[in-house]
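Note that the protein sequences, when read in sequence, are chains B and L.
Under the working numbering, the first residue of the first sequence is numbered 2, with each subsequent residue one higher.
Under the working numbering, the first residue of the second sequence is numbered 2, with each subsequent residue one higher.
Glycine is no exception: its CB is placed at the ideal position from the N, C-alpha and C atoms.
These notes concern the structure reproduced below.
2 protein chains.
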Amino acid sequence: MSRLRVHSLAISLDGFATGEGLSTEAPFGHAGGRLMEWFFPTRTFVEASGHEAEAQGPGTRGIDDAFAAASWNGIGAEIMGRGKFGPQTGPWQDDSWRGWWGEEPPFHSPVVVLTHHPRPDFAAGETTFLFRDASPRDALALATELADGLDVRLGGGATTIRSFLDEDLVDHLHLVVVPIVLGRGVRIWDGQEGLEGRFSVEATASPSGVVHYLFTR
Amino acid sequence: MSRLRVHSLAISLDGFATGEGLSTEAPFGHAGGRLMEWFFPTRTFVEASGHEAEAQGPGTRGIDDAFAAASWNGIGAEIMGRGKFGPQTGPWQDDSWRGWWGEEPPFHSPVVVLTHHPRPDFAAGETTFLFRDASPRDALALATELADGLDVRLGGGATTIRSFLDEDLVDHLHLVVVPIVLGRGVRIWDGQEGLEGRFSVEATASPSGVVHYLFTR
Ligand SMILES: NC(=O)c1ccc[n+]([C@@H]2O[C@H](COP(=O)([O-])OP(=O)(O)OC[C@H]3O[C@@H](n4cnc5c(N)ncnc54)[C@H](OP(=O)(O)O)[C@@H]3O)[C@@H](O)[C@H]2O)c1
Ligand SMILES: NC(=O)c1ccc[n+]([C@@H]2O[C@H](COP(=O)([O-])OP(=O)(O)OC[C@H]3O[C@@H](n4cnc5c(N)ncnc54)[C@H](OP(=O)(O)O)[C@@H]3O)[C@@H](O)[C@H]2O)c1
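In structure tokens:
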């Protein structure tokens, strides 16, 4: 059975997965890079990005890296909201924006981008971006077919993850709580009262200061 | 220097320190006892309450108990909001409600209850309850004097703690994050953007499933 998995969704203590004021210069708005600081020193990030200099070495191998690495195991397709793909809203003005990831995106698999606004599919390296207006259930059926027996990653953002949680489609939810209070942005918890009843929940504190939460079933 | 300390404020993953629908039967509203389940098995609770039977023994001595016990060290007075004292709102109808704690409350010290509605002070056992309409700063000055060189505990609820955080009067903030999503109630984080900048923050996961956060300065 193919599972739907969320990995490494970083949230603030007050539950925001992104800030306010998104733009091409500020993918997380006023949150800046703070939600991802735990991730940049990991070997998983360093190897994927080639940023050894910034990480001052080959990258860490501790708890944070173990969780970061798990995100790539046995995934055959991703689903994301158009808010993760880029900061644009409304109808696409043109097709020049091709995501944050350059000409060799790290996905190496089909990526279903959910949007109400039509746009042609395109390929970049080994990744194909498919733009679809579909219910969570239909999007998951499509991605599961594309994943060809492997699992499907639900990449975010929080708006999209909530809509899949609302339909009880998520099998594995890994959150990383970063010790900052953002105050505003998009919250993961809205409308999720009682979520813990459908999962077993495990918390692990990392020496880096973040806490990893795993919701599994 | 006398410090102002918050201990063992239990919050849900989504930041609620109490639920909706408070009454004399439901001190935490729809949250029920869930925010306090980590606390009941601790030796600190068992010894204070005599509930050995429920705890099935003398109580635990692990991380949760260490944090629970710290709440009672070197405290000479408490400040609480009238919402912690009882579920009543508006003018006091009569003085028959004397708090949740019976005739020998665990405080054994003066307790300043903040309220806009006048009510006579009273004593129960070694505890004196003083009802005051005062700014956070003035309430702290009064409690500091009553504490006679010891520290002052800020007992909650979240509304009152936020008002003291807004004035930057809190020196030590211990939160216990319980792995439930309450969805509604009174949130600790509202208006606290950037709180982490004034403290160092440390997170410790307990085998019981809760995560202890210490904000210190
Ligand atoms: N913290 C993290 O780890 C993390 C991870 C990923 C992303 N992010 C950040 O989160 C932000 C994006 O998250 P977000 O919550 O604002 O947005 P999002 O979930 O990425 O995208 C939401 C949008 O996608 C479209 N959409 C979603 N479901 C749909 C459906 N079933 N059918 C059709 N369209 C659908 C809608 O846009 P339209 O109606 O306009 O088409 C909707 O407004 C960005 O700042 C990103 O950098 C953070
Ligand atoms: N999770 C935990 O560990 C924990 C700890 C303690 C309490 N609780 C729960 O939290 C709830 C109570 O919290 P809450 O946030 O609703 O209320 P609260 O903070 O206990 O009390 C707020 C009320 O106190 C009065 N007040 C506060 N500051 C004042 C000031 N400076 N001057 C005058 N009056 C002032 C006001 O009432 P008036 O204007 O009506 O007088 C205000 O509405 C209860 O359910 C309690 O059981 C939970």
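Closer than 7 Å to a non-hydrogen atom of ligand 2 - does that hold for the CB of M81 (chain L)? It does: the Cβ of M81 (chain L) is within 7 Å (strictly closer) of some heavy atom of ligand 2.
Please report the distance separating the alpha-carbon of T161 (chain B) from that of T217 (chain L). Roughly 36 Å between the two C-alpha positions.
Which one or two residues does DSSP pair with P111 (chain L) in a beta bridge? Residue pairing for P111 (chain L): DSSP places it in a beta bridge opposite L:T129.
Residue range of the unbroken alpha helix (DSSP H) whose run includes R44 (chain B): Run containing R44 (chain B): R44 to S50, per the alpha helix (DSSP H) assignment.
How would you write the range of the alpha helix (DSSP H) that L166 (chain B) sits in, first residue to last? For L166 (chain B), the uninterrupted alpha helix (DSSP H) run begins and ends at A159 to D167, by DSSP.
Determine the direct distance from the alpha carbon of G157 (chain L) to that of V187 (chain L), and round the result to whole angstroms. Pairing V187 (chain L) with G157 (chain L), the inter-Cα distance amounts to about 11 Å.
Since G84 (chain L) is in the alpha helix (DSSP H), which residue starts that stretch and which ends it? Looking at the DSSP string, the run of the alpha helix (DSSP H) that includes G84 (chain L) is R83 to F86.
Chain B contacts from the region 3–23 of chain L (Cβ-Cβ distance under 9 Å): Residues passing the 9 Å Cβ filter: S13, L14, D15 and G16.
Does the separation of the CB atoms of S183 (chain B) and G20 (chain B) fall below 8 Å? Per the sequence presented here, residue 183 (chain B) reads as Leu, with Ser not at that position. Contact: yes.
Buried or exposed: which applies to G82 (chain B), given that a residue is buried once 16 or more other Cβ atoms fall within 10 Å of its Cβ? Flag for G82 (chain B) reads buried.
Please report how far the alpha carbon of H175 (chain L) lies from the alpha carbon of V112 (chain B), in whole angstroms. V112 (chain B) has its alpha-carbon roughly 42 Å from the corresponding atom of H175 (chain L).
Just to confirm, are A206 (chain L) and T43 (chain B) a CB contact at a threshold of 8 Å? Contact: no.
Going by C-alpha to C-alpha distance, which of L:A148, L:L155, L:T129 and L:G150 sits closest to P137 (chain L)? The option with the nearest alpha carbon to P137 (chain L) is L:L155.
Contact with chain B by I181 (chain L), beta-carbon distance below 8 Å: The C-beta of I181 (chain L) comes closer than 8 Å to at least one C-beta of chain B.
Continuous alpha helix (DSSP H) stretch holding R185 (chain L): start and end: Counting along the chain, no alpha helix (DSSP H) covers R185 (chain L), and no H or E run does either.
Can you find the residues in the same chain that come closer than 8 Å, C-beta to C-beta, to F46 (chain L), ignoring five residues on each side of it along the sequence? Cβ contact annotation for F46 (chain L) (same chain, cutoff 8 Å, sequence separation greater than five): F40, H52, A56, G60 and A69, in chain order.
Our contact map puts G126 (chain L) next to E146 (chain L) with C-beta atoms below 8 Å; I'd like the distance itself, whole angstroms only. Not confirmed; about 22 Å, so no contact.
Can you pull the chain L neighbours of E197 (chain B), defined as C-beta to C-beta under 7 Å? Contacts between E197 (chain B) and chain L, judged by CB atoms closer than 7 Å, involve P180, I181 and V182 in chain order.
If I follow the unbroken beta strand (DSSP E) through T145 (chain B), where does it start and stop? Not the beta strand (DSSP E): T145 (chain B) falls in the alpha helix (DSSP H), residues P137 to A148.
Output, in chain order, the set of chain B residues within a Cβ distance shorter than 8 Å of Q193 (chain L). Chain order gives the chain B residues near Q193 (chain L) as D15, V182 and G184, where near means a beta carbon separation below 8 Å.
Return no unless some Cβ of chain L is closer than 8 Å to the Cβ of V202 (chain B). Yes, V202 (chain B) lies at the interface with chain L (some Cβ there is under 8 Å from its Cβ).
Name the DSSP beta bridge partners of E79 (chain L), please? Residue pairing from DSSP places E79 (chain L) in a beta bridge opposite L:V112 and L:R154.
Can you give me the C-alpha to C-alpha distance between D172 (chain B) and S201 (chain B), rounded to a whole angstrom? Taking the straight line from one Cα to the other gives about 11 Å.
Any beta carbon from chain L within less than 8 Å of V177 (chain B)'s own beta carbon? No, its Cβ sits nowhere closer than 8 Å to a Cβ of chain L.
Return yes when the Cβ of D152 (chain B) is within less than 8 Å of the Cβ of G77 (chain B), no when it is not. Cβ atoms of G77 (chain B) and D152 (chain B): closer than 8 Å.
Of all Cβ atoms in chain B, is any one closer than 8 Å to the Cβ of G210 (chain L)? G210 (chain L) belongs to the set of residues whose beta carbon lies under 8 Å from a beta carbon in chain B.
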